[in-house]
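So for the sequence shown, my numbering puts the first residue at 95; every next one is plus one. For reference, the structure discussed in these notes is given below.
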Amino acid sequence: MAGPNLELFKFGLYLFFPLAVMVHYGDPQWYADHVRPIRDQFWPRAETLYRPPKESSELREEIRLMREQRGLPARTRRDGAAQSTESRTAALRGSPLADVVLRERRGFANDAGVLHATRRWPVTGEGKRWV
């Protein structure tokens with residue numbers, strides 16, 4: 095077993111090394127010289143990042159744009175009246191997502207075999223899937 099001088103040296107090294115690294119790399123001049131010139135190669139500019147909507151009106155606009163991109167009809171709920179299931183189903187028939195949406199509405203498991211948490215009894219017949 096080594097003497098107290100070695101322990102004192104190890105303690106000083108354990109304390110000094112992290113502090114020296116923080117002082118060296120935390121220096122603003124070092125950051126300006128070495129990091130700023132190449133940081134755009136690693137991180138995208140702040141202007142190009144996606145900014146999630148924060149207000150309810152911004153959220154509604156974002157949902158409307160997403161539905162337009164997918165080709166789904168716009169949902170409007172005026173005077174508190176919701177569209178009936180039949181009209182929504184009829185509106186979805188021409189959509190590319192129609193099969194998936196309609197199957198999920200009927201309660202069938204999706205193609206990946208994910209089970210719906212609301213219904214848990216086996217269905218006899220083709221494939222014996224859980225719904």
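Ideal Cβ placement from N, Cα and C applies to all residues, glycine included. Since the model is a prediction, treat every value here as computed from it, not as a measurement.
Q) Would the beta-carbon of proline 147 fall within 8 Å of that of glutamate 141? A) no
**Q.** Extent of the continuous alpha helix (DSSP H) to which alanine 126 belongs
**A.** 122 to 128
Q.
On the DSSP letters alone, give me the boundaries of the alpha helix (DSSP H) that leucine 113 sits inside.
A. 98 to 119
Q) Which value, in whole angstroms, describes the spacing of the CA atoms of aspartate 121 and valine 115? A) 10 Å
Q.
Is any non-hydrogen atom of the ligand SAM found closer than 7 Å to the C-beta of alanine 96, if you look at the structure I gave you?
A. As far as ligands go, the structure on display features none, and thus does not contain the ligand SAM.
Q: Could you tell me the boundaries of the alpha helix (DSSP H) in which leucine 153 lies?
A: 150 to 164
Q.
Tell me the DSSP secondary structure of arginine 139 in three-state form.
A. coil
Q | Rounded straight-line distance, which links the Cα of lysine 104 to that of valine 129 | A | 32 Å
Q) Who are the Cβ neighbours of tryptophan 124 in its own chain at under 8 Å, not counting the five residues just before and after it? A) His118
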